[in-house]
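Undergrad: Everything in the sequence shown is counted per our numbering, starting at 817 for the first residue and increasing by one.
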Amino acid sequence: MSVADCDRVSEIRVRGWQHAYRGLVPQSYLDGLDVAADAERRRARFVQGDGTVGNLVAERDGRVLGWAAYGPYRDGETHTGDAELYAIYVDPAHIGGGIGQALLAASVERCAARARMLLWVLKGNTPARRFYERAGFRADGAEEPFEADGVAVPEVRYARSLRG
Numbered sequence: 817m818s819v820a821d822c823d824r825v826s827e828i829r830v831r832g833w834q835h836a837y838r839g840l841v842p843q844s845y846l847d848g849l850d851v852a853a854d855a856e857r858r859r860a861r862f863v864q865g866d867g868t869v870g871n872l873v874a875e876r877d878g879r880v881l882g883w884a885a886y887g888p889y890r891d892g893e894t895h896t897g898d899a900e901l902y903a904i905y906v907d908p909a910h911i912g913g914g915i916g917q918a919l920l921a922a923s924v925e926r927c928a929a930r931a932r933m934l935l936w937v938l939k940g941n942t943p944a945r946r947f948y949e950r951a952g953f954r955a956d957g958a959e960e961p962f963e964a965d966g967v968a969v970p971e972v973r974y975a976r977s978l979r980g
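In structure tokens form, the structure reads like this:
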């Protein structure tokens, strides 16, 4: 990913949220997501990054169709020895075409020196949970809500060993 990809990545991320989380996150929160504001934040993070976060894009015919971000697992403000998949989003018009699988495989490969990869997924997001389970991830029992427009939205943590 380059800084030039930030606008398209933000478009994919926002449209991905609006597509995947309809009915799981308050609609007012989804309606309030702004591609331009997200892109501005993404550019700032990308430029100011310290190299610990990896950002990947998937392209077809020169057009970005998906994005993934990974790095050290965050336990509060502390990084652990595990890896974390922070995000993976595919343009909703291209879901099911293998882009997400390719981004996940590339993220796992780049984190192979770590013992495990963890990720958080909305508890009610059955398609995403199945996607991760097909890739060898399993819910590890940890649950944590995040707040969206005053509503607690439950997430579950998934883990996968990256060693043999």
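Glycine is no exception: its CB is placed at the ideal position from the N, C-alpha and C atoms.
State the Cα-Cα distance for the pair Y902 and R876, rounded to the nearest angstrom.
TA: Taking the first residue of the sequence shown as 1, we reach residue 902 at position 86. Taking the first residue of the sequence shown as 1, we reach residue 876 at position 60. Cα to Cα, Y902 sits roughly 23 angstroms from R876.
Undergrad: Using CA coordinates, which residue listed in C927, G897, E949 and E827 is at the minimum distance from L849?
TA: Within the sequence shown, residue 849 is the residue found at index 33, counting from 1. Per the Cα distances, E827.
Undergrad: What are the partner residues of E875, as DSSP defines its beta bridges?
TA: Here residue 875 refers to the residue found at position 59 when the sequence shown is read from its first residue. DSSP, once it has assigned bridges, lists V880 as partnering E875.
Undergrad: Please determine whether the Cβ atom of R857 lies at a distance below 7 angstroms from any heavy atom of the ligand COA.
TA: The model on display carries no ligand, and the ligand COA is accordingly not part of it.
Undergrad: Would a C-beta distance cut-off of 8 angstroms place R863 and V873 closer than the cut-off?
TA: In the sequence shown, the residue the question calls residue 863 occupies position 47. In the sequence shown, the residue the question calls residue 873 occupies position 57. The question names Arg, but residue 863 in the sequence shown is Val. In this structure, V873 does not lie closer than 8 angstroms to V863 by Cβ.
Undergrad: Rounded to whole angstroms, what is the Cα-Cα separation between E960 and D898?
TA: If you number the sequence shown from 1, residue 960 lands on position 144. If you number the sequence shown from 1, residue 898 lands on position 82. Distance between the alpha carbons of E960 and D898: 18 angstroms.
Undergrad: How is T896 classed by DSSP in three states: helix, strand or coil?
TA: As a position in the sequence shown, residue 896 is number 80, starting the count at 1. In the structure shown, T896 sits in a strand (DSSP, three-state: E or B).
Undergrad: So for I828, helix, strand or coil by DSSP?
TA: Within the sequence shown, numbered from 1, the residue matching residue 828 stands at position 12. Three-state DSSP puts I828 in a helix.
Undergrad: Pair every Cβ in the stretch 920-935 with every Cβ in the stretch 820-838, then say whether three or more of these pairs are closer than 8 angstroms.
TA: Too few Cβ pairs lie closer than 8 angstroms, so no.
Undergrad: Could you compute how far the alpha carbon of V967 sits from the alpha carbon of S977?
TA: Counted from its first residue, the sequence shown places residue 967 at position 151. Counted from its first residue, the sequence shown places residue 977 at position 161. Each residue's alpha carbon lies about 32 angstroms from the other.
Undergrad: Just to confirm my understanding: we take G832, look at its own chain, exclude 5 residues before and 5 after, and list those with CB closer than 8 angstroms. What are they?
TA: Against the sequence shown, residue 832 aligns to sequence position 16. So the list reads Y905, V906, D907 and P908, once near-sequence residues are dropped.
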